[in-house]
Each structure stands twice: as C-alpha cells, then as structure tokens.
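>
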Amino acid sequence: MLIAVILALAAGTYGFRVAGVLLRDRLELPEWSRHLLPVAAAALLAALAATAALTEAGGFAGYARPTGVLVGLVLAWRRAPFVLVVVAAAGTTALLRLLGVA
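Residues 524 to 625, numbered by my numbering, are exactly what the sequence shown covers, in order.
#1: How should G591 be labelled, buried or exposed, when 16 other C-beta atoms within 10 angstroms of its C-beta is the threshold for buried?
#2: Are A572 and V594 closer than 7 Å when you measure CB to CB?
#3: Quick test of the definition: if touching needs 3 or more C-beta pairs under 8 Å, does the region 602–619 touch the region 578–589?
#4: Under 7 Å, Cβ to Cβ, is there at least one residue of chain D near A531?
#5: Classify G623 as helix, strand or coil using the three-state DSSP reduction.
#6: What runs of the alpha helix (DSSP H), each 4 residues or longer, lie entirely inside the region 581–617?
#7: Between A580 and A625, what straight-line distance do the alpha-carbon atoms span, to the nearest angstrom?
#8: Taking 6 Å as the cut-off, is the C-beta of A612 nearer than that to any heavy atom in the ligand GTP?
#9: Determine the extent of the alpha helix (DSSP H) in which P561 is found, giving its start and end residues.
If you want it as structure tokens, here you go:
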C-alpha cells in the first residue's frame, strides 16, 4: 500500500513538471497571478516548515523541537555556515530533550 502511494505521488509530481514545460507557451496567465505565484510558493513552504517544526503525530511536538528550529533559523539568518546551522539546531534539540524538556 505504501509503495503504491509513493509511486502515485511520484507520478503526479512528474506529471505536474512535464505539464509546466509543455503548457508554458500555450497558457497565458493574468498579470496578477504571475505576481502571486512566487508569494504563494513561499507561503506554502513556510506552512510546511511550521507544521513539521510544531507537530508530531497530530499533536504539539513539545518545546525542544521548535527551540532547535528557532536556533537554526537565527543562525541561518545570521548567515552561519550550513553545517553549523544543522549541528546547532540538532544539538539544541538533543540537549533540551536530554534535560527532560518535552
């Protein structure tokens, strides 16, 4: 069952990508929608990141994970090297969980 779902999602993703290339010259979008699409993509990415950072198994993930994500976000905003961002975020989360913070 899981393999079928993965294959269906892969086929759908590939279909959307191919449709974009094939329909690029045939489909004329209004000017307002061309300005809205990049903003919508950024909003969707932010919503996915927030959901992954704040929830686990349908409930609140606790305070350790969002704190680690916040540390990573601050370091990325300060343009720290990527490896440092990942290690600091994971280390913060692990340290908080080791100290008993949910």
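Ideal Cβ positions, reconstructed from N, Cα and C, are used throughout, including at glycine. Note that the structure is a prediction, hence the values are computed from the model and not measured.
With the structure as the only source:
#1: The sequence position of residue 591 within the sequence shown is 68, counting from 1. Counting Cβ neighbours within 10 Å, G591 comes out buried, since at least 16 surround it.
#2: By one-based count along the sequence shown, residue 572 stands at place 49. By one-based count along the sequence shown, residue 594 stands at place 71. In this structure, V594 does not lie closer than 7 Å to A572 by Cβ.
#3: yes
#4: No chain D appears in the structure shown, which is made up of a single protein chain.
#5: Position 100 of the sequence shown, counted from the start, is the residue given in the question as residue 623. G623 falls in the coil class under three-state DSSP.
#6: 587–600
#7: Mapped onto the sequence shown, residue 580 falls at position 57. Mapped onto the sequence shown, residue 625 falls at position 102. If you take the alpha carbons of A580 and A625, they lie about 14 Å apart.
#8: As far as ligands go, the structure on display features none, and thus does not contain the ligand GTP.
#9: Taking the first residue of the sequence shown as 1, we reach residue 561 at position 38. Residues 554–577.
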